[in-house]
Every structure is written in C-alpha cells, then in structure tokens.
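Engineer: Below: one structure in structure tokens.
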Amino acid sequence: MTTALTVDREGKPIADEASANMDPASFFAMGAGHVDPSKASDPGLIYDIKPEEYIGYLCGGLRYSEFEVFQVVGRQNQCSSVKHIAADQLNLPSISVNLGPGVTSSKIRTISRTVTNVGEANSVFSVKVDEPEGVSVKVTPQMLRFSGLNEEKSYTVELSTDGKPPGKYSEGQLRWISSKHVVRSPISVTF
C-alpha cells in the first residue's frame, strides 16, 4: 500500500473506469493505487499491527459482543479488559477521519501511527504532506531518525477544518521520504 502508484504508465492519474469520462479515480475507487512489486519488496517503513489492536477495535470501535469477538478471533476475550480502539486509530498506513457535523465540536482530530524501519540502518525520513482541500494537517515530529533495523518510531497527525467543507469528502497524502524510499499514506477526510 505505501509503495503503490497513483499514476498509470504514461504518468497520468489512475482513471475511474466507472465514470463516463474516465475521470481521475478517487481513493474510494482505486484504494492505494497500482501495486509496484519492485518497491513493495523494499518498502523502507512498515505499519505493523498487533492482533490485540484488532480485538480492541472489534470491542470498542465496532462494539462487538464478546461472543462476536470470539467468532472472529477464535479465542475468549473480555472486552472490558481490552483497550478500545477507534477505526481511525488502528495502526494502518491509510488515514481516514470524519470531521463532519456531530463528530466533534472542535473540528480537530488527532491520530497516532507507529512505523517500523525495515529499510536501512541510520536512515532519516522527512515528512511531506499534500493537504486535503479544506483541511489543515500538522505532523509531529516532521523527521524520523532511525539508527537500526526494526526500530520503531511514532508520530501524530492533527487534522482540522474551519467548518466549511469543500464537499462530502477531500483527499490528500502524507509521504515519509528518505534518500532511498518514499512511504505514502493516503488521507481521506469525510465531512
């Protein structure tokens, strides 16, 4: 996902085949994009996620009963003893938040992510953000320095809007860039 291409072989945006005019595809139509096998085998950074996080999401985010969680994961769990996790807080490469009415009065959402260095030791990644229209994005820290392989670093992304949405949704992207890798995360905001 983090190394997928969002343009075709001619360098044009991936088209939405469902549109009459082959308009550029939204993230909802194309997902992360076309897989690039050579880059996928050397992604630089990965977003690792533990089974416990999914259990926390099933219990808290989806409000599954303990029986429903058991049916999904195949083991007994007590939702009352698990840290509940909202969908936008799952440690996934994609960032999807709702800043619409009734979601939050402040129109600000902060999400956290943790990446693991699987590229090279002593690598530095700087962040570059293409903000979704109508949304301000602040990433902290703006630089990730790794001294070794399999080292983890966390960052936060604060997304805010002035309350004047440009439409039903807006798209952007966050990229961690090193001398060798570009690690991309699509950003989708619904209003």
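The sequence shown begins at 1312 in our numbering and counts up one residue at a time. We put the beta carbon where it would ideally sit given N, CA and C, even for glycine. Since this is a predicted model, take the numbers as computed values, not measurements.
May I have the straight-line CA-CA distance separating Gly-1385 from Glu-1377, to the nearest angstrom?
Structural biologist: To locate residue 1385, count along the sequence shown from 1; it is residue 74. To locate residue 1377, count along the sequence shown from 1; it is residue 66. Roughly 11 Å separates the two Cα atoms.
Engineer: Determine the closest residue to Tyr-1358 out of Gln-1400, Gly-1411, Glu-1444, with distance taken between C-alpha atoms.
Structural biologist: To locate residue 1358, count along the sequence shown from 1; it is residue 47. The option with the nearest alpha carbon to Tyr-1358 is Gln-1400.
Engineer: Classify Arg-1320 as buried or exposed, calling it buried when 16 or more other Cβ atoms lie within 10 Å of its own Cβ.
Structural biologist: Taking the sequence shown and counting its residues from 1, the one referred to as residue 1320 is at position 9. So Arg-1320 ends up on the exposed side.
Engineer: For Glu-1363, does the three-state DSSP call read helix, strand or coil?
Structural biologist: For the purposes of this step, residue 1363 is identified with residue 52 of the sequence shown, where counting begins at 1. If DSSP states are grouped into helix, strand and coil, Glu-1363 belongs with the helices.
Engineer: Check whether the Cβ atoms of Thr-1313 and Val-1494 sit closer than 8 Å, and answer yes or no.
Structural biologist: Looking up residue 1313 in the sequence shown gives position 2. Looking up residue 1494 in the sequence shown gives position 183. Yes; because the gap between Cβ atoms is below 8 Å, this pair is in contact.
Engineer: Grab the span of the beta strand (DSSP E) containing Phe-1457 for me, first residue to last.
Structural biologist: Here the question's residue 1457 lines up with position 146 in the sequence shown. Per DSSP, Phe-1457 belongs to the beta strand (DSSP E) from 1454-1457.
Engineer: Are the beta-carbon atoms belonging to Leu-1485 and Val-1468 less than 8 Å from one another?
Structural biologist: As a position in the sequence shown, residue 1485 is number 174, starting the count at 1. As a position in the sequence shown, residue 1468 is number 157, starting the count at 1. Against a cut-off of 8 Å, the Cβ pair of Val-1468 and Leu-1485 comes out as a contact.
Engineer: Mind checking whether Pro-1497 and Ser-1405 have CB atoms under 8 Å apart?
Structural biologist: Translated into the one-based positions of the sequence shown, residue 1497 becomes position 186. Translated into the one-based positions of the sequence shown, residue 1405 becomes position 94. Yes, Cβ-Cβ distance for Pro-1497 and Ser-1405 is below 8 Å.
Engineer: Per DSSP, Ile-1488 forms a beta bridge with which residues?
Structural biologist: As a first step, residue 1488 must be located in the sequence shown, where it is residue number 177. Answer by DSSP bridge pairing, in chain order: Ser-1437, Val-1493.
Engineer: By the 10 Å Cβ neighbour count, where 16 or more other Cβ atoms means buried, how is Asn-1332 classified, buried or exposed?
Structural biologist: Counting from one through the sequence shown, the residue named residue 1332 turns up at place 21. Looking at its Cβ environment, which holds fewer than 16 other Cβ atoms inside 10 Å, Asn-1332 is exposed.
Engineer: Verify whether the separation of the beta carbon atoms of Pro-1477 and Val-1429 is less than 8 Å.
Structural biologist: In the sequence shown, counting from the first residue as 1, residue 1477 sits at position 166. In the sequence shown, counting from the first residue as 1, residue 1429 sits at position 118. Result no, Cβ atoms of Pro-1477 and Val-1429 do not sit closer than 8 Å.
Engineer: DSSP on Glu-1444, reduced to helix/strand/coil?
Structural biologist: One-based indexing of the sequence shown puts residue 1444 at position 133. In this structure, Glu-1444 counts as coil in the three-state DSSP scheme.
Engineer: Leaving out the 5 sequence neighbours to the left and right, which residues in its chain are closer than 6 Å to Glu-1463 when beta-carbon positions are compared?
Structural biologist: The residue given as residue 1463 occupies position 152 in the sequence shown. If we look at Glu-1463 and ignore the five residues flanking it on each side, its Cβ neighbours are Thr-1425, Thr-1427.
Engineer: On a CA-only basis, which of Tyr-1365, Gln-1387, Met-1454 is nearest Val-1396? Give me that one, please.
Structural biologist: In the sequence shown, counting from the first residue as 1, residue 1396 sits at position 85. Strictly speaking, residue 1396 in this sequence is Ile, with Val absent from that position. Comparing Cα positions, the closest option is Tyr-1365.
Engineer: For Ile-1360, does the count of other Cβ atoms within 10 angstroms reach 16, so buried, or fall short, so exposed?
Structural biologist: The residue given as residue 1360 occupies position 49 in the sequence shown. The residue is exposed, with fewer than 16 neighbouring Cβ atoms inside 10 Å.
Engineer: In three-state terms, what does DSSP make of Val-1393?
Structural biologist: Within the sequence shown, numbered from 1, the residue matching residue 1393 stands at position 82. Here Val-1393 sits in coil by DSSP.
Engineer: Buried or exposed for Ser-1392, please, with buried defined as at least 16 other CB atoms from any protein chain shown within 10 angstroms of its CB.
Structural biologist: For the purposes of this step, residue 1392 is taken as residue 81 along the sequence shown, with counting starting at 1. So Ser-1392 counts as exposed.
Engineer: Tell me where the beta strand (DSSP E) around Val-1468 begins and ends.
Structural biologist: Walking along the sequence shown from the start, residue 1468 turns up at place 157. 1463-1472 is the extent of the beta strand (DSSP E) around Val-1468.
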